[in-house]
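A.B. asks:
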Amino acid sequence: MTADRPHDLGTGTGTGRDLGIGTDEGADTAPGAETAATPGHSARSADGHSARSADGHSARSADGSGGGPDGGILGRAHRALTLGIISVVSLVAFEASAVNTAMPVAARALDGIGLYAFGFSAFFTASLFAMALAGEWSDRRGPLGPLFTGIAAFGAGLLVAGLARSMGMFIVGRGVQGIGGGLVVVSLYVVVGRAYPERLRPSIMASFSAAWVVPVIVGPLVAGTVTEHLGWRWVFLAIPVLILLPLVVMLPALRTLPRTRPGARGGARQVLGSRRCLLALAVAVGACLLQYAGQHPSWLALLPAAAGLALLVPGIVRLLPRGTFRAARGLPSVVLMRGLAAGAMVAAESFIPLMLVTQRGLSATLAGLSLTGGGLTWALGSYVQSRPRLEPYRERLMGLGMVLLAVAIAMVPLALIDGVPAAIVAVAWTIGGFGMGLNISSGGVLLLKLSRPEEAGSNSASLQMSDALGNVTFVGVGGVLFVAFGGASIAPHGPAVAATGAASHPAAFVAVFATMALVALLGGAVARRLS
Numbered sequence: 109m110t111a112d113r114p115h116d117l118g119t120g121t122g123t124g125r126d127l128g129i130g131t132d133e134g135a136d137t138a139p140g141a142e143t144a145a146t147p148g149h150s151a152r153s154a155d156g157h158s159a160r161s162a163d164g165h166s167a168r169s170a171d172g173s174g175g176g177p178d179g180g181i182l183g184r185a186h187r188a189l190t191l192g193i194i195s196v197v198s199l200v201a202f203e204a205s206a207v208n209t210a211m212p213v214a215a216r217a218l219d220g221i222g223l224y225a226f227g228f229s230a231f232f233t234a235s236l237f238a239m240a241l242a243g244e245w246s247d248r249r250g251p252l253g254p255l256f257t258g259i260a261a262f263g264a265g266l267l268v269a270g271l272a273r274s275m276g277m278f279i280v281g282r283g284v285q286g287i288g289g290g291l292v293v294v295s296l297y298v299v300v301g302r303a304y305p306e307r308l309r310p311s312i313m314a315s316f317s318a319a320w321v322v323p324v325i326v327g328p329l330v331a332g333t334v335t336e337h338l339g340w341r342w343v344f345l346a347i348p349v350l351i352l353l354p355l356v357v358m359l360p361a362l363r364t365l366p367r368t369r370p371g372a373r374g375g376a377r378q379v380l381g382s383r384r385c386l387l388a389l390a391v392a393v394g395a396c397l398l399q400y401a402g403q404h405p406s407w408l409a410l411l412p413a414a415a416g417l418a419l420l421v422p423g424i425v426r427l428l429p430r431g432t433f434r435a436a437r438g439l440p441s442v443v444l445m446r447g448l449a450a451g452a453m454v455a456a457e458s459f460i461p462l463m464l465v466t467q468r469g470l471s472a473t474l475a476g477l478s479l480t481g482g483g484l485t486w487a488l489g490s491y492v493q494s495r496p497r498l499e500p501y502r503e504r505l506m507g508l509g510m511v512l513l514a515v516a517i518a519m520v521p522l523a524l525i526d527g528v529p530a531a532i533v534a535v536a537w538t539i540g541g542f543g544m545g546l547n548i549s550s551g552g553v554l555l556l557k558l559s560r561p562e563e564a565g566s567n568s569a570s571l572q573m574s575d576a577l578g579n580v581t582f583v584g585v586g587g588v589l590f591v592a593f594g595g596a597s598i599a600p601h602g603p604a605v606a607a608t609g610a611a612s613h614p615a616a617f618v619a620v621f622a623t624m625a626l627v628a629l630l631g632g633a634v635a636r637r638l639s
């Protein structure tokens with residue numbers, strides 16, 4: 109769960125930064141739940157003005173807690189649930205930051221450099237299906253089932269990954285994590301829609317974004333220290349124990365939520381057999397087959413490649429708005445840009461720690477810390493785009509954000525040049541993070557501006573689906589390029605290549621980063637079609 113930033117309400121990437129990920133079905137299970145189910149619907153409305161409650165007063169008090177007799181999200185009526193939810197989000201955020209740091213060491217220890225990208229794409233692919241499943245499940249039977257199942261699956265996946273003796277088993281663990289992550293983020297969103305009155309939702313949703321800030325800062329440092337002194341396995345094995353605390357805190361409050369009686373179509377077979385679940389499953393399987401074929405180039409690989417395309421293309425076309433892939437003006441282009449931005453950023457970010465560890469000899473801690481600045485400037489970019497005076501320039505801000513992301517990704521491989529300090533990566537990622545803050549947050553606001561009220565939920569679901577699909581697609585493309593240019597033979601054992609003189613393949617990293625920079629530039633071109 110990415111992978112993977114503090115930002116405005118409901119405008120993150122498919123790695124859990126945005127708890128609006130998923131479908132509209134589950135989000136509309138309670139009256140007024142469309143506010144919670146609509147990414148981008150925070151304390152700021154689509155036209156840049158403060159959101160108002162029914163009585164015309166601001167939806168948030170001066171201290172951000174909201175007024176009213178129950179004292180806001182930290183008042184007695186909601187305190188336990190709020191703290192529990194924030195704890196879960198913080199753990200997910202910490203895990204996302206920690207995995208980026210520990211992944212290069214884990215892949216080398218398991219002789220799995222050639223399958224490195226699968227460690228990320230397995231999570232995203234599984235979560236893509238789980239998002240659709242959680243929406244249907246929550247809509248038909250309520251959010252508690254998918255929430256607790258998701259938390260259990262997330263913890264089980266961490267254990268499988270931490271105990272893995274082969275890269276294949278490690279990837280399986282990451283996939284189980286992805287299923288858990290997809291279930292959790294959607295069901296938590298539905299819980300908010302049911303447990304909090306409309307005037308408090310901007311505050312609780314803003315707290316989701318705030319819950320990412322500390323993990324982004326301390327996650328790489330803690331994970332790097334644990335990896336170096338205790339071993340990479342403990343990065344995965346320690347987190348499941350921490351999940352117990354937020355469960356205990358919020359369980360009493362969750363039990364008071366109104367129960368949903370399963371209807372005639374509320375059985376497991378009907379939920380799993382729903383159209384959206386089947387389409388999401390087809391896309392996930394198709395993406396896996398395509399990535400497998402791309403990393404095993406041979407005539408025999410044409411069969412899984414053809415099967416993957418046959419599953420992937422029709423599913424994507426039906427899950428996203430008509431005209432998305434030809435960048436039709438307006439809403440389809442907003443949805444397309446989200447996938448391009450999220451995919452390019454996550455794919456590039458996935459390979460940065462591996463490059464710094466294997467090519468520059470950095471420790472896992474320093475490699476992970478190189479990404480920290482991007483999380484902070486993402487928050488800054490989100491704040492900048494929210495200024496009312498910039499509202500008339502929203503489309504330009506989104507285009508500028510994509511250009512900044514392209515520049516940042518293009519700067520990263522400069523670290524492969526002798527004499528260029530490795531710190532260039534940290535500088536680049538602060539630029540890229542600011543660009544993402546401008547782009548992603550503006551996209552959520554623009555989507556609402558272009559949506560009729562009755563379509564806001566389904567359009568928001570399409571935006572998040574594009575986010576997840578972008579992650580799956582471009583991380584997979586990155587993995588294929590990495591292997592095609594010799595990255596699979598990068599020293600699987602021992603110290604970093606830079607320190608030992610072992611075989612180095614900078615072209616493998618250059619191919620990945622150059623391609624993702626072009627993807628980001630393509631997104632900049634799409635910005636001209638936003639209105």
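Counting along the sequence shown from 1, when you hit position 179 you're at 287 in the working numbering, and nothing is skipped either side.
Backbone N, C-alpha and C fix where the C-beta goes; we use that ideal spot for every residue, glycine too.
#1: For serine 229, count neighbouring C-beta atoms within 10 Å of its own C-beta (all shown protein chains included) and say buried if the count is 16 or more, exposed if not.
#2: What residues in its chain sit with their C-beta under 7 Å from that of serine 274, if we drop five residues either side in the sequence?
#3: Kindly indicate which three-state DSSP category isoleucine 181 falls into: helix, strand or coil?
#4: Go through its chain and collect everything with a Cβ distance to threonine 485's Cβ below 7 Å, but skip five positions before and after it.
#5: Is leucine 291 closer than 8 Å to alanine 242 when the C-beta atoms are compared?
#6: Are the segment 197 to 213 and the segment 457 to 467 touching, with three or more C-beta to C-beta distances below 8 Å?
#7: Relative to the C-alpha of methionine 506, which residue among Val533, Val442, Ala536 is closest?
#8: Just to confirm my understanding: we take serine 195, look at its own chain, exclude 5 residues before and 5 after, and list those with CB closer than 7 Å. What are they?
#9: Please list, in chain order, all residues of the same chain as glycine 263 whose beta carbon is under 8 Å from its beta carbon, the five residues on each side excluded.
#10: How is tyrosine 304 classed by DSSP in three states: helix, strand or coil?
#11: Among residues of its own chain, excluding the 5 on either side of threonine 137, which ones have a beta-carbon nearer than 8 Å to its beta-carbon?
#12: Would you mind sorting alanine 531 into buried or exposed? The rule is 16 or more other CB atoms within 10 Å of its CB.
#13: Using a Cβ-Cβ cut-off of 8 Å (strictly less than) and excluding sequence neighbours within five positions of valine 393, which residues of its own chain qualify?
#14: Assuming proline 328 and threonine 473 make a contact with CB atoms under 8 Å, what is their CB distance in whole Å?
#15: In angstroms with no decimal places, state the Cα-to-Cα distance between leucine 189 and isoleucine 181.
#16: For the segment 430 to 441 against the segment 579 to 597, are there 3 or more C-beta pairs whose distance is under 8 Å?
#17: Candidates Ile548, Gly527, Pro521, Leu462: which alpha carbon is nearest valine 492's?
#18: Let me make sure I understand the geometry here. Which of Glu244, Pro614, Ala625 has the alpha-carbon closest to that of serine 382?
#19: Note down, in chain order, each residue of its chain lying with its Cβ closer than 6 Å to the Cβ of alanine 475, except the 5 sequence neighbours on either side.
#20: Output yes or no for whether 8 Å exceeds the beta carbon distance between methionine 285 and glycine 270.
#21: Kindly list the residues whose CB is nearer than 7 Å to the CB of arginine 282, restricted to its own chain and excluding five residues on each side of it in sequence; keep chain order.
#22: Using only alpha-carbon positions, find the residue among Ala204, Met519, Leu386, His186 that is nearest to valine 330.
#23: Rounded to the nearest angstrom, what separates leucine 558 and serine 235 at their Cα positions?
C.D. replies: The answer reads as follows:
#1: buried
#2: Cβ neighbours of serine 274 beyond the five flanking positions: Leu218.
#3: Shown here, isoleucine 181 sits in coil according to DSSP, grouped into three states, outside any helix or strand.
#4: Thr538, Gly541, Phe542, Gly545
#5: Judged by beta-carbon spacing, leucine 291 lies within the 8 Å limit of alanine 242, meaning their Cβ atoms are closer than that value.
#6: yes
#7: Val442
#8: Leu353, Pro354, Val357
#9: Excluding sequence neighbours, glycine 263 sits near Gly288, Ile347, Pro348, Ile351.
#10: coil
#11: Model confidence at threonine 137 stands at a pLDDT of 37, short of 50, so the residue's coordinates are unreliable; what they give is reported in the following sentence. Hits under 8 Å: Ser246, Asp247, Gly250, Pro251, Val298, Gly301, Arg302, Thr368.
#12: exposed
#13: Gly416, Leu419, listed in sequence order.
#14: 7 Å
#15: 9 Å
#16: no
#17: Ile548
#18: Glu244
#19: The residues are Pro461, Leu464, Val465.
#20: Correcting the residue identity first, residue 285 is glutamine in this sequence and not methionine. Not in contact: glutamine 285 and glycine 270 (Cβ atoms no closer than 8 Å).
#21: Within the same chain, and ignoring the five residues on either side of arginine 282 in sequence, the residues whose Cβ sits closer than 7 Å to its Cβ are Gly227, Ala230, Phe231, Gly265, Ala269.
#22: Nearest to valine 330 by C-alpha distance, out of Ala204, Met519, Leu386, His186, is Ala204.
#23: 27 Å
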